[in-house]
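Before any comments, here is the structure.
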Amino acid sequence: MTHRIAILGASGYTGAELIRLIATHPGMEIVALSADRKAGMEMAEVFPFLRHLDLPRLVKIEDIDFSGIDLCFCALPHATTQQVIAGLPRGLKIVDLSADFRLRDPAAYEKWYGQPHAAIEVQKEAVYGLTEFYREEIRAARLVAGTGCNAATGQYAIRPLIEAGVIDLDNIVIDLKAGVSGAGRSLKENLLHAELSGGTHSYSAGGKHRHLGEFDQEFSKIAGRPVQVQFTPHLMPFNRGILATVYLRGAAQDIHAALASRYAAEPFLRVLPFGALPSTRDIAGSNFCHIGVIGDRIPGRAVVVAVLDNLCKGSSGQAIQNANLMLGAEETAGLMLAPVFP
């Protein structure tokens, strides 16, 4: 069976990544693409790397007929998606890639995003989109809220350890390096090649990054008590990828065993042999996440390193993985592409 798909916000990086992946999906057909400033253009003009595909012309959202569409991906900017989704047909399945429905508590959303939530009733039905931990809820969902790419990376490294009770919950430090595509496609002075290449910098340090809202929500839910982590992201001069180095108190062998056991049957999660650490070059362009564990010279401490592609497993690949479940398709459909190397 072929499902008819719409992508809203197709002129951004995550929209283009959705198209790239769906192009080889055995059960999805793209029938509508929207953009705002680029409405009326062909995708080949916006993204020449997609010129070999027969794709519909970009249009405004209001010009799309949703009556024959099975599922809609929303790859729109944060804070604009709420009202758009609230206005879509009630029977339409939706996977949202923005931050607008990730936080269950409207007060938490207002705290981290600086404005009241504009679609609280819709928020109540949203399922958090970390596939490996919400699989059954996602199957039955109408609306799935994709995770933040940084938040996904950190959670893959830490969630099983909280579940297994093998780490000190009051001593979790996440040092994260992120590729520049995670900042989106809009023009920004600090993302100019002359100002970004050849160096790196931390941002939203000191507990200010919005993805902390997801860490607080998810880790506290698992633990049954408040859990707060230290988290500092860094912007790196490469295009794709996230590498999270997580510093923990706990027995390294127990930490490795907990991760290996939890992910043994997961198609996209790979736990390396103890003592081996992954690189972002191992997962570029793929829906895989690789995790490594080593012990520290200080007894009772360990380091976990997790890597994934921010545009794929951290966003668009995750979205398709969730959509597969929502549509009753094979979860891995369209997503088993090998990483790109070199």
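Each residue of the sequence shown is one higher than the one before, counting from 1 in UniProt numbering.
C-beta: ideal position from N, C-alpha, C; glycine also.
Please read all numbers here as calculations on a predicted model, not as lab measurements.
C-beta neighbour in chain B for Ala178, strict 8 Å: Among the chains of the structure shown, chain B does not appear; only one protein chain is present.
What did DSSP end up calling Leu76 once you bin it into helix, strand or coil? coil
Simplified DSSP state of Met1, which is helix, strand or coil: coil
Determine the extent of the beta strand (DSSP E) in which Met326 is found, giving its start and end residues. Not the beta strand (DSSP E): Met326 falls in the alpha helix (DSSP H), residues Gly317 to Met326.
Please report how far the alpha carbon of Ala6 lies from the alpha carbon of Asp100, in whole angstroms. 19 Å
Can you tell me where the alpha helix (DSSP H) holding Leu126 begins and where it ends? At residue 126 the sequence reads Ala, which differs from the Leu that was named. Ala126 -> not in any alpha helix (DSSP H); beta strand (DSSP E) instead, spanning Ala126 to Tyr128.
Between the Cα of Ala178 and those of Ile298, Phe47, Phe66 and Arg281, spot the shortest distance and give me the residue it belongs to. Arg281
In angstroms with no decimal places, state the Cα-to-Cα distance between Ala302 and Pro278. 15 Å
Which residue marks the beginning of the beta strand (DSSP E) containing Ala265, and which one marks its end? Counting along the chain, Ala265 falls outside any beta strand (DSSP E), and DSSP gives it neither H nor E.
So, does the region 294-301 touch the region 314-327, judging by three or more C-beta pairs under 8 Å? no
With DSSP run on the structure shown, which of helix, strand or coil describes residue 356? Nothing in the structure corresponds to residue 356, since the chain is present only between 1 and 342.
With contact counted as at least three CB pairs below 8 Å, one residue from each stretch, are the region 153-168 and the region 101-109 in contact? no
On the criterion of 16 or more Cβ atoms from any shown chain inside 10 Å, does Thr147 qualify as buried, or is it exposed? buried
What does the alpha-carbon distance come out to for the pair Gln83 and Val95? 15 Å
Any 3 or more C-beta pairs closer than 8 Å across the region 253-270 and the region 213-230: no
From residue 347 to Gly154, what distance separates their C-alpha atoms? Lying before the first or after the last residue shown, residue 347 is absent from the chain, which here runs from 1 to 342.
Reduced DSSP category for Lys177 - H, G, I as helix; E, B as strand; rest coil: strand
Roughly how many angstroms separate the alpha carbons of Ala126 and Pro299, rounded to a whole number? 42 Å
Beta-carbon spacing of Ala35, Ala75 below 8 Å: no
3-residue-minimum beta strand (DSSP E) runs that sit fully inside the region 206-248, ordered along the chain: 230-236
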